[in-house]
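Undergrad: For the sequence shown, counting from 1, position 82 maps to 82 in the UniProt record's numbering; every step adds exactly one.
Even for Gly, the Cβ is constructed at its ideal location relative to N, Cα and C.
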Amino acid sequence: MSPSGLIKAVGVLPDGPLYAAVGETVMFTTTLTPTETPFQSVIWTFDDSKNIITSSTANITGPEYEGRIILFPSTGSLELRSLTLNDSASYSVIIFPAGATKISASSVKPSTNLPVEGTSVNLTCEASGSVLTRKWMKDGSDLTPTDNMTLSDNNRVLTFDTVTRKDSGEYFCQISNPISSDGAKYVMTVNYGPENVQIKGPNKINIKGTLKLTCSAESTPSARFTWFLNGTEVLTNSAEYIKEEVGFSDSANYICQAWNNITERTSSSVVQGLTVTGMCVFNIVWREIKLTALESAQKGRKHKARTRRQIRISELSAFSPDRVRAVVVPKSDCLPESDCRPRERAQPLKAAAPVG
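1) According to DSSP, simplified to helix, strand and coil, what is residue 41?
2) Would you mind giving the Cβ-Cβ distance between residue 182 and residue 106, rounded to the nearest angstrom? I have them listed as a contact below 8 angstroms.
3) Excluding the 5 residues preceding and the 5 following residue 83 in the sequence, name in chain order all residues of the same chain whose CB lies nearer than 8 angstroms to its CB.
4) Does DSSP put residue 364 in a helix, a strand or coil?
5) Taking the beta strand (DSSP E) that residue 182 falls in, what are its first and last residues?
6) Are residue 148 and residue 134 closer than 8 angstroms when you measure CB to CB?
7) By how many angstroms is the C-alpha of residue 180 removed from the C-alpha of residue 186?
8) Count the other C-beta atoms from every protein chain shown that fall within 10 angstroms of the C-beta of residue 17, then say buried if there are 16 or more, exposed otherwise.
9) Need the endpoints of the beta strand (DSSP E) that residue 248 sits in, please.
10) Can you grab the Cα-Cα spacing for the pair residue 259 / residue 230, in whole Å?
11) Closer than 8 angstroms is the cut-off here; do at least three beta carbon pairs connect the segment 249-267 with the segment 202-218?
12) Measuring CB atoms only, is the segment 103-119 touching the segment 159-177, in the sense that at least three cross pairs come out at less than 8 angstroms?
13) Quick one: Cα of residue 249 to Cα of residue 201, how far?
14) I need the DSSP call for residue 65, collapsed to helix, strand or coil.
15) Are the beta-carbon atoms of residue 131 and residue 59 separated by less than 8 angstroms?
16) Taking only the alpha-carbon atoms, compute the straight-line gap between residue 80 and residue 31 and give it to the nearest angstrom.
17) Taking the C-alpha atoms as reference points, what is the distance between residue 151 and residue 175?
18) Counting Cβ pairs, one atom from each stretch, are 3 or more of them under 8 angstroms apart for the segment 64-80 and the segment 38-50?
19) Pick out whichever of 102, 93, 188 has its Cα sitting closest to the Cα of residue 29.
20) Residue 203: buried (16+ other C-beta within 10 angstroms of its C-beta) or exposed?
21) Compare the C-alpha of residue 98 against each of 64, 56, 112 and name the closest.
22) Output the distance between the C-alpha atoms of residue 237 and residue 273, rounded to the nearest integer angstrom.
23) Indicate the three-state DSSP secondary structure (helix, strand or coil) for residue 20 in the structure shown.
24) Quick one: residues in its chain with C-beta nearer than 6 angstroms to the C-beta of residue 199, no 5 flanking neighbours on either side, listed in chain order?
25) On a Cα-Cα basis, can you pick out the residue from 221, 244, 194, 207 that is closest to residue 188?
26) Near residue 101, what residues of its chain come up, given a Cβ to Cβ distance below 8 angstroms and the 5 sequence neighbours on each side ignored?
27) Please go through the same chain and pick out, in chain order, the residues whose beta-carbon is closer than 6 angstroms to the beta-carbon of residue 42, but skip the five residues on each side of it.
28) In whole angstroms, what is the alpha-carbon distance linking residue 13 and residue 61?
29) Could you check whether residue 124 and residue 163 sit closer than 8 angstroms to each other, using their CB atoms as the reference points?
30) Could you check if residue 330 is buried or exposed, using at least 16 other CB atoms within 10 Å of its CB as the buried criterion?
31) If you drop the 5 nearest sequence neighbours on each side, which residues of the same chain put their C-beta closer than 6 angstroms to that of residue 208?
32) Got a sec? Which residues, its chain only, sit under 7 angstroms from residue 263 by beta carbon, not counting five neighbours each side?
33) Check whether the Cβ atoms of residue 137 and residue 160 lie closer than 8 angstroms to each other.
34) At which residues does the beta strand (DSSP E) containing residue 253 begin and terminate?
35) Considering just the uninterrupted stretch of the beta strand (DSSP E) at residue 86, what are its terminal residues?
Written as C-alpha cells, this is what we have:
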C-alpha cells in the first residue's frame, strides 16, 4: 500500500509517497517545530474530504479511525495504525496556529450587476479571516455544478461560461474554519428577451367599433412596446392599442415592437391586413329628374332636373330596375353590418322620373 503525503500546505509534510504494509503503522510527520502554545486547530483529511480528525477545543475523530490514530498536538503529526487496503489514498493536513482569526465580512460579488443571457458571469466569494472551506448553495440546496459552471480557486470563484435564464436564483456561499463560520448570498437575475412577441386581438372589426390589441413578450425585465400602423409609429410605452369608433381608414397592418432596455434587443409581431367591415346607410334623397338620353347620361354628361339642379350621373347612387328612377346620394352614414341589414329591407321614398 502507498498512502502518499500529498498536502494542501506545501512544506508542512515531507515529499511522499509513503509505503507500508497491511497491518503496519505509518507516521505522517510534519516539519513544524514544536510550539509552547498549542495550535488553534489541526485538521487531517482523507482524499481531501473525509475527516480523519479535527482537533480544536475538542477532538472529532472519524468513525473509521477510532482507536487507530494518535495526533501529536505540538507538531500536528499523525500516526495511523492497523493499516488496511482501504487506507491507500491522499492525506492532507491544515493547521491553524494560535491567533487564527474568525471569519467575517463575507460577501458574494458578481462580475456584472446586470447579467445577460449568453454572456459569461463570475460570482466571487470573499471573506476576512482564516478561510478553510467554501461551500456553494442555490435556492437552499447544495449547488450541483453543470457543464456550464466551473468552481476554481478553492471554490472561491463560481464561473458561468454562458449564463442562461435557468441560472437565475439565490446563491449562497458558506465559509468556515474550525472556530467560526459565516456566509453571504447573492440573488442573480439573468436578463433575456424579448422573445415570442404575440398580439391578441381581432383580424376583422365592425366599423364604429372599438379596436383593442394587446401585445405580450417573454422578457426580463419586462419589455417596452411601440405600435406602428402601416409602418408609422402611433403609440409608445403601452402593451395595449385601443382605438374607438374605427373607420375604414383603420384597415391596416399593425405591428407591435418589443424592446428590452437591458439586453438592448428588439422583436416584433404583426397583424397583417386587419380589416374594418360594415355598410354605409345613405341619407337618401329621391328627386324627380328628366333623363333626355339615358346612354349619354351613363357617360357622365350633365342633365337638367326638374328641381332646377344640375347633377352628374356620378352623383346617382343607383337606377331602378326599369331604369326610370334614380337616387341622389349627397351624404352617407356608415354602420356595422349587423345594424345595416334591417335597413336594407326598408322601402325608401320613391319618385317617378318619366323618360322622354
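TA: On the basis of the coordinates in this document:
1) Taking the sequence shown and counting its residues from 1, one reaches residue 41 at position 41. Reduced to three states, the DSSP call for residue 41 is strand.
2) The sequence position of residue 182 within the sequence shown is 182, counting from 1. The sequence position of residue 106 within the sequence shown is 106, counting from 1. Approximately 4 angstroms separates the beta-carbon atoms of residue 182 and residue 106; this is inside 8 angstroms, confirming the contact.
3) The residue labelled residue 83 in the question sits at position 83 within the sequence shown. Excluding residues within five positions, the ones whose Cβ falls inside 8 angstroms are 1, 3, 20, 21, 22, 23, 24, 25, 26.
4) Only positions 1 to 356 of the chain appear in this structure, which leaves residue 364 out of reach.
5) Counting from 1 along the sequence shown, the entry for residue 182 is found at position 182. In this chain, the beta strand (DSSP E) harbouring residue 182 covers 180-188.
6) For the purposes of this step, residue 148 is identified with residue 148 of the sequence shown, where counting begins at 1. For the purposes of this step, residue 134 is identified with residue 134 of the sequence shown, where counting begins at 1. Their beta carbons are not under 8 angstroms apart, which means residue 148 does not touch residue 134 by this criterion.
7) The count along the sequence shown starts at 1 and reaches residue 186 at position 186. The count along the sequence shown starts at 1 and reaches residue 180 at position 180. If you take the alpha carbons of residue 186 and residue 180, they lie about 21 angstroms apart.
8) Working through the sequence shown from its first residue, we reach residue 17 at position 17. Residue 17 should be labelled exposed.
9) Taking the sequence shown and counting its residues from 1, the one referred to as residue 248 is at position 248. Counting along the chain, residue 248 falls outside any beta strand (DSSP E), and DSSP gives it neither H nor E.
10) What you label residue 259 is simply residue 259 of the sequence shown in a count that begins at 1. What you label residue 230 is simply residue 230 of the sequence shown in a count that begins at 1. Straight-line Cα distance between these residues: approximately 19 angstroms.
11) yes
12) yes
13) Within the sequence shown, numbered from 1, the residue matching residue 249 stands at position 249. Within the sequence shown, numbered from 1, the residue matching residue 201 stands at position 201. Cα-Cα distance, rounded: 18 angstroms.
14) Numbered from 1 along the sequence shown, position 65 holds the residue referred to as residue 65. DSSP places residue 65 in helix when its eight states are reduced to three.
15) Position 131 of the sequence shown, counted from the start, is the residue given in the question as residue 131. Position 59 of the sequence shown, counted from the start, is the residue given in the question as residue 59. In this structure, residue 59 does not lie closer than 8 angstroms to residue 131 by Cβ.
16) Here residue 80 refers to the residue found at position 80 when the sequence shown is read from its first residue. Here residue 31 refers to the residue found at position 31 when the sequence shown is read from its first residue. So the two alpha carbons sit approximately 18 angstroms from each other.
17) Taking the first residue of the sequence shown as position 1, residue 151 is located at position 151. Taking the first residue of the sequence shown as position 1, residue 175 is located at position 175. Between residue 151 and residue 175, the C-alpha separation is close to 15 angstroms.
18) yes
19) Along the sequence shown, one-based indexing puts residue 29 at 29. Of 102, 93, 188, the residue nearest in Cα terms is 93.
20) For the purposes of this step, residue 203 is taken as residue 203 along the sequence shown, with counting starting at 1. Residue 203 is exposed by the Cβ-count criterion.
21) Taking the sequence shown and counting its residues from 1, the one referred to as residue 98 is at position 98. Residue 56 is the option with its Cα nearest to residue 98.
22) Stepping through the sequence shown from its first residue, residue 237 is reached at position 237. Stepping through the sequence shown from its first residue, residue 273 is reached at position 273. The straight-line gap from Cα to Cα measures roughly 23 angstroms.
23) Locating residue 20 in the sequence shown gives position 20, where the first residue counts as 1. Coil at residue 20, not helix or strand.
24) Locating residue 199 in the sequence shown gives position 199, counting from the first residue. Same-chain partners within the cutoff: 213, 215, 256, 269, 271.
25) If you number the sequence shown from 1, residue 188 lands on position 188. Between residue 188 and the set 221, 244, 194, 207, the nearest pair of CA atoms involves 221.
26) Within the sequence shown, the letter at position 101 stands for residue 101. Same-chain partners within the cutoff: 128, 129, 130.
27) For the purposes of this step, residue 42 is taken as residue 42 along the sequence shown, with counting starting at 1. Same-chain partners within the cutoff: 55, 76, 95.
28) Translated into positions along the sequence shown, residue 13 becomes position 13. Translated into positions along the sequence shown, residue 61 becomes position 61. Distance between the alpha carbons of residue 13 and residue 61: 21 angstroms.
29) One-based indexing of the sequence shown puts residue 163 at position 163. One-based indexing of the sequence shown puts residue 124 at position 124. No, the Cβ-Cβ distance between residue 163 and residue 124 is not below 8 angstroms.
30) Residue mapping note: residue 330 aligns to position 330 of the sequence shown, counting from 1. At residue 330 the pLDDT is 44, less than 50, meaning the model places this residue with poor confidence; the figure from the coordinates comes in the next sentence. So residue 330 counts as exposed.
31) What you label residue 208 is simply residue 208 of the sequence shown in a count that begins at 1. Closer than 6 angstroms at Cβ, skipping near neighbours: 245.
32) Translated into positions along the sequence shown, residue 263 becomes position 263. For residue 263, where only same-chain residues beyond five positions count, the Cβ hits under 7 angstroms are 116, 191, 192, 193.
33) Here residue 137 corresponds to residue number 137 of the sequence shown, with the count starting at 1. Here residue 160 corresponds to residue number 160 of the sequence shown, with the count starting at 1. No, these two residues do not count as a Cβ contact at 8 angstroms.
34) The residue given as residue 253 occupies position 253 in the sequence shown. Residue 253: member of the beta strand (DSSP E) spanning 252-260, first to last residue.
35) Here residue 86 refers to the residue found at position 86 when the sequence shown is read from its first residue. Neither: residue 86 is in no beta strand (DSSP E) and is coded neither H nor E.
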